Each structure stands twice: as structure tokens, then as C-alpha cells.
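Asker: The structure is given below, and queries will be raised subsequently.
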Amino acid sequence: MRFLITAGPTREPIDPVRYLSNRSSGKMGYAIAEAAIEAGHEVVLISGPVHLDRPRGAAVISVSTSDEMFAAVRQHIARCDILAMCAAVADYKPAKVSKSKIKKRSENISLELVPTRDILASLPKDRKYLVVGFAAETEDLEANAQKKLHEKNCDIVVANDVSAADSGMESDQNEVEILFRDGEMRKISRASKKIISRDLVEYFEKYFEKRLTKKIV
Ligand code: CTP
Numbered sequence: 001m002r003f004l005i006t007a008g009p010t011r012e013p014i015d016p017v018r019y020l021s022n023r024s025s026g027k028m029g030y031a032i033a034e035a036a037i038e039a040g041h042e043v044v045l046i047s048g049p050v051h052l053d054r055p056r057g058a059a060v061i062s063v064s065t066s067d068e069m070f071a072a073v074r075q076h077i078a079r080c081d082i083l084a085m086c087a088a089v090a091d092y093k094p095a096k097v098s099k100s101k102i103k104k105r106s107e108n109i110s111l112e113l114v115p116t117r118d119i120l121a122s123l124p125k126d127r128k129y130l131v132v133g134f135a136a137e138t139e140d141l142e143a144n145a146q147k148k149l150h151e152k153n154c155d156i157v158v159a160n161d162v163s164a165a166d167s168g169m170e171s172d173q174n175e176v177e178i179l180f181r182d183g184e185m186r187k188i189s190r191a192s193k194k195i196i197s198r199d200l201v202e203y204f205e206k207y208f209e210k211r212l213t214k215k216i217v
């Protein structure tokens, strides 16, 4: 199968030296890319700025902003069977990017932010590929993940609690809940992102096959 995986944060420029971003390390997306390659799949990895080695055997496309990630996903989506949107795409970007460095002044300043385009929510409903969304939550994990599954029209949502210091963001470990569009749910208890990724790739493969044979809508 052909996997298209996004990973890492995006950076939304404020001026030539500053940007808005988040704490995503890209570890989960890179681990999924490695697990998919290990399982014999073809992988295109669209990566935001991270400090990780490129997974051997993956075609890596480096992007920085949410707009660049949006364009890269659009460009490669037609050739994939499974899209795993692991990236922590910024939800907002500055309304204006200053061409010159914003100088320090003594008074308060405010930054106007506008929503970025939601890559997942923009995908067509009628499609052949499987769409996996990721939900990073600090409260009401299941309810919020369920909402994302339906609102963003995903086939699967992988949800994790990012409030714990030793699990989720930046960590080498994780603990996830997997929600499927047909109502099924699975949990993977705390393990390394490497181990979790192997299980996730298997769940994605199985659901892809199930969707083909049972015509889940
Ligand atoms: N996502 C996306 N485009 C965006 C923002 C998010 O495609 N502009 C995707 C992420 O890659 C992830 C999923 O949407 O697969 C959920 O991201 P998350 O940050 O958990 O949710 P948000 O939609 O941003 O909602 P909130 O921040 O309010 O939880």
C-alpha cells in the first residue's frame, strides 16, 4: 500500500525572524513512517521542521507553513491508499507577515490571527483512500475525538492525551485510543512510539481492507 504521512509542527511566520509554532516533535509521525516501511509499504512523508533522522526508504517532503503542508498533501493525495495526518498543523496564523523585523517598543502590542485552512476537513467526502486523523486532547478525550471523527469526515481517529508529561508530545512513549468510523474502538496502552506505530499500521491496513470488502461508508 501507499502511505502518505504528515508529521511535526508547522511554523507560521510573524516577521523574518519570528514565528508561531507548537511543541510537536514529529516522533509519532516518523515512527509510523518507519513502521509502514518495515511492513513493506511505500511511504511519502510530508514533514514540518523537526530534529529527526529521515526514515530510510521514505520520500521526504520538507515543509514549513500550514499553507505549504496543505499544498503538499493536495499534490500527493491522489497517489495514496492511506493518509495519516499526524502533523500538529497550526490552527491560526498571523493575518499579516511583516516584511521587516518588528521593533521593540515600550507599549503592549497585539497580533491579529486568522484561521489556517483545515487540511483534513477540506478533503473530498467521496474518495478511495483511507483518512486517519489524530486528536491531541487535554480533556474529554473520547468525546472530542468522536467529534473530530465526524466533523472532519475521517475513517479513523487516533486520540491521545497530551496533558501527561511522560506521554504524548515530545515524549518517546505514548498511549492512544483508536476510534473507527464504523463505531469500533481500540486502546493501545502505554508503550514506545515504535511499538504503538506497528500496531497502528496493522489497524490501518485491516480497516482499509475491511472498507474495500464490506463497503463501509
Ligand atoms: N488538522 C488539519 N489542518 C489543520 C489543523 C489540524 O488537517 N489546519 C488535522 C491534524 O493533522 C489532526 C487533526 O486535524 O490530524 C486534529 O488536529 P487537532 O489539533 O487535534 O484538532 P483541531 O482541529 O486543531 O482542534 P482543537 O485544536 O480545537 O482540538
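The letter at position 102 of the sequence shown is residue 102 when you use the numbering used here, and the numbering goes up by one with no holes.
All C-beta atoms, glycine included, are put in the ideal place defined by N, C-alpha and C.
Since the structure is predicted, the reported quantities are computational estimates derived from the model, not experimental observations.
#1: Can you pull the DSSP bridge partners for P9?
#2: Helix or strand or just coil, what does DSSP make of G29?
#3: Roughly how many angstroms lie between the CA atoms of I102 and D15, to the nearest whole one?
#4: Tell me which residue opens and which closes the alpha helix (DSSP H) that D67 is part of.
#5: My guess is that V162 and I178 are in contact by the Cβ rule of under 8 Å, so how many angstroms apart are they, rounded?
#6: Counting pairs of Cβ atoms below 8 Å between the region 79-90 and the region 21-29, do you hit three or more?
#7: Leaving aside the five residues before and after V50 along the sequence, list all residues of the same chain whose C-beta is less than 6 Å from its C-beta, in chain order.
#8: If you follow the alpha helix (DSSP H) that N174 is part of, which residue opens it and which one closes it?
#9: Does the Cβ of D182 have 16 or more other Cβ atoms within 10 Å, making it buried, or fewer, making it exposed?
#10: Can you give me the Cβ contacts of N153 inside the same chain, cut-off strictly under 6 Å, excluding the 5 residues immediately before and after it?
#11: Hey, quick one: how far does the alpha helix (DSSP H) through A145 stretch, first residue to last?
#12: Given this structure, state the Cα-to-Cα distance separating A72 from E139, to the nearest angstrom.
Answerer: Working from what's here:
#1: Mapped onto the sequence shown, residue 9 falls at position 9. Per DSSP, A88.
#2: Position 29 of the sequence shown, counting from 1, holds the residue named residue 29. It is helical.
#3: On the sequence shown, residue 102 is found 102 positions in, with the first residue counted as 1. On the sequence shown, residue 15 is found 15 positions in, with the first residue counted as 1. Cα to Cα, the separation comes out at about 7 Å.
#4: Residue mapping note: residue 67 aligns to position 67 of the sequence shown, counting from 1. From DSSP, the alpha helix (DSSP H) with D67 extends over S66 to H76.
#5: In the sequence shown, the residue the question calls residue 162 occupies position 162. In the sequence shown, the residue the question calls residue 178 occupies position 178. V162 to I178, Cβ: 16 Å. No contact.
#6: yes
#7: As a working mapping, residue 50 is identified with position 50 in the sequence shown. For V50, where only same-chain residues beyond five positions count, the Cβ hits under 6 Å are G8 and G26.
#8: The count along the sequence shown starts at 1 and reaches residue 174 at position 174. From DSSP, N174 is part of no alpha helix (DSSP H) but of the beta strand (DSSP E) over Q173 to F180.
#9: As a working note, residue 182 is residue 182 in the sequence shown. With fewer than 16 other Cβ atoms within 10 Å, it is exposed.
#10: Within the sequence shown, residue 153 is the residue found at index 153, counting from 1. Excluding sequence neighbours, N153 sits near K125.
#11: Mapped onto the sequence shown, residue 145 falls at position 145. Unbroken alpha helix (DSSP H) run through A145: L141 to E151.
#12: Here the question's residue 72 lines up with position 72 in the sequence shown. Here the question's residue 139 lines up with position 139 in the sequence shown. Their Cα atoms are separated by approximately 31 Å.
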